[in-house]
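For the sequence shown, UniProt numbering begins at 1 and goes up steadily by one.
Don't be surprised by glycine CBs; every beta carbon is placed ideally from N, CA and C.
Here is the structure we will look at.
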Amino acid sequence: MTPTDAPVPEIGNPLRRLTLAELRRRTSEKWRAHPPDVLPLFVAEMDVPLPETVRDAVGEALALGDTGYTRGPAYAEAFAGFARRRWGWETVATARTTVVPDVMTGVLEVLAAISTPRDTVVVNSPVYPPFHDYVRHTGRMVAEAPLGADLRLDLAGLEDAYRHAASRGGNPVHLLCNPHNPTGTVHTAAELAAVAQLAESWGVRVVADEIHAPVVDPGTRYTPYLSVPGAERGWAVLSASKAWNLAGLRAGLAVAGPGAAADVARIPEWVAAATSHVGVIAHTAAFTRGEPWLDALLAGLAENRLLLAELLAEHLPEVRYRSAPGTYLAWLDCRDAGFGDDPAAVFLERGRVALTSGIPFGAGGAGWARLNLATSPEVLVEAVRRMARARR
Ligand SMILES: Cc1ncc(COP(=O)(O)O)c(C=O)c1O
């Protein structure tokens with residue numbers, strides 16, 4: 001029986017399964033970074049139980065003591081099947097795919113394989129803060145090519161950044177977030193093809209972080225970067241961790257385009273060997289048998305986006321929210337709400353609700369805050385109530 005022939009169990013909305021009291025027993029960052037009177041909606045962990053298919057796979061591995069070092073193509077094959085079924089992406093070659101301990105470690109290893117510490121890395125601010133911090137930590141220079149006011153890629157600004165990066169010489173890289181965290185923007189096939197064309201003409205290598213890809217709302221077409229014409233020399237780095245909430249079971253994949261095949265050998269073997277084998281088993285199960293659960297999750301997230309928009313319109317209309325299909329993170333424009341440059345700090349202090357500050361996301365982040373809506377409708381209602389309490 002192939003994964004897609006398997007009987008589909010009845011799955012309710014995973015976001016409605018756990019009570020706040022149960023969630024508060026968790027010991028992960030979301031539930032331990034703040035005191036218990038704070039309602040946490042910051043880090044990208046979801047308030048869902050572990051999908052049964054993943055729990056069974058991990059349970060079997062533990063029962064068998066299958067807890068040694070990881071090896072083999074199972075995870076890459078599972079992702080290739082998922083990419084084919086979900087997006088019609090037919091060309092994920094397992095021979096050009098390597099297991100990495102997690103997505104950011106994968107990004108840094110790919111950067112090490114294709115550039116040197118003196119090189120420039122272009123990022124589209126506002127963007128996931130480790131794109132700035134982790135990359136700078138390697139010695140590379142981060143150059144910002146901010147998104148436009150519509151929160152989409154600004155291709156003219158991107159070309160300026162490429163031109164400037166190319167003028168410094170070396171091996172410029174564009175670290176692309178596809179889809180984009182924090183805005184939830186899903187880049188179109190035409191935008192990505194334009195990126196590929198510009199990157200080729202300026203000698204820039206593209207590394208696409210596609211960790212949020214499985215979370216894209218089914219009403220929006222998602223395009224993997226490596227599937228567009230001209231992207232052959234690019235890389236994609238991804239994992240099942242955002243969509244199935246597996247961050248504690250770390251395991252990612254780095255996928256080279258056909259024109260980047262020679263880079264693969266420059267990623268040392270110990271990078272794959274440092275990956276948790278139980279993590280690989282969990283992520284493989286998610287990509288192989290986790291689609292019914294994912295579909296139930298996506299339906300719940302769509303409801304939550306609508307609910308959040310309604311709640312904000314009613315209780316905090318000066319905070320602007322444009323629902324976006326690309327992640328379960330909501331990027332809230334608080335610039336006219338009178339909360340200053342760091343509204344998340346005000347929400348925390350006065351409302352006892354934790355959002356993520358927009359400032360570390362780089363240019364365009366001041367005055368904004370990021371809210372994680374992968375929670376129950378009850379928690380969302382309470383979160384907006386607390387945010388509204390932060391008003392003077
Ligand atoms: C765009 C993006 N990349 C990477 C990560 C982190 O992934 P990992 O824990 O696998 O490094 C996140 C986490 O939220 C993310 O949003």
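Beta-carbon proximity check, residue i vs residue j, cutoff 7 Å
i	j	result
leucine 311	phenylalanine 79	no
glutamate 144	alanine 366	no
tryptophan 235	alanine 272	no
tyrosine 75	valine 280	yes
valine 122	valine 207	no
arginine 84	glutamate 77	no
alanine 156	threonine 120	no
asparagine 245	valine 48	yes
proline 292	tryptophan 87	no
leucine 41	serine 376	no
alanine 344	serine 323	no
valine 127	phenylalanine 287	no
aspartate 249	glutamate 191	Note on residue identity: the sequence assigns leucine, not aspartate, to residue 249. No; because the gap between Cβ atoms is not below 7 Å, this pair is not in contact.
glycine 326	threonine 53	no
valine 353	arginine 305	no
Backbone secondary structure at residue i - three-state DSSP
i	result
tyrosine 128	coil
histidine 174	strand
proline 214	helix
arginine 391	coil
threonine 4	Per-residue confidence for threonine 4 stands at a pLDDT of 47, beneath the threshold of 50, marking its modelled position as unreliable; no derived number is given.
proline 40	strand
threonine 53	helix
tyrosine 222	coil
alanine 324	coil
phenylalanine 79	helix
leucine 64	helix
arginine 289	helix
alanine 383	helix
aspartate 133	helix
aspartate 150	coil
valine 103	helix
leucine 332	strand
alanine 208	strand
Nearest-angstrom Cβ-Cβ length linking residue i and residue j, presumed shorter than 8 Å
i	j	result
serine 239	aspartate 102	7 Å
proline 21	arginine 266	It should be pointed out that residue 21 corresponds to alanine in this sequence rather than to proline. At roughly 49 Å, the Cβ-Cβ gap does not stay under 8 Å, so alanine 21 and arginine 266 are not in contact.
leucine 301	leucine 373	7 Å
leucine 294	leucine 332	Leucine 294 to leucine 332, Cβ: 25 Å. No contact.
proline 36	arginine 24	6 Å
tyrosine 222	valine 195	Going by Cβ atoms, the distance from tyrosine 222 to valine 195 rounds to 15 Å, so no, they are not a contact pair.
serine 167	proline 146	The pair is not a contact, with the Cβ atoms about 19 Å apart (cut-off 8 Å).
Residues that residue i bridges to, as DSSP identifies them
i	result
alanine 256	Trp235
threonine 356	Arg370
Extent of the continuous beta strand (DSSP E) to which residue i belongs
i	result
threonine 120	120-123
arginine 370	368-372
tryptophan 89	Taken as a continuous stretch (DSSP letters only), tryptophan 89 belongs to no beta strand (DSSP E), as it is neither H nor E.
threonine 97	97-100
Span of the alpha helix (DSSP H), counted from its first residue to its last, around residue i
i	result
valine 264	261-264
aspartate 342	Per DSSP, aspartate 342 belongs to no alpha helix (DSSP H) and is neither H nor E.
- Task: Collect the residues with a C-beta less than 7 Å away from any heavy atom of ligand 2 and give them in sequence order along the chain.
- Result: Of the ligands one can find in the structure shown, namely ligand 1, none is ligand 2.
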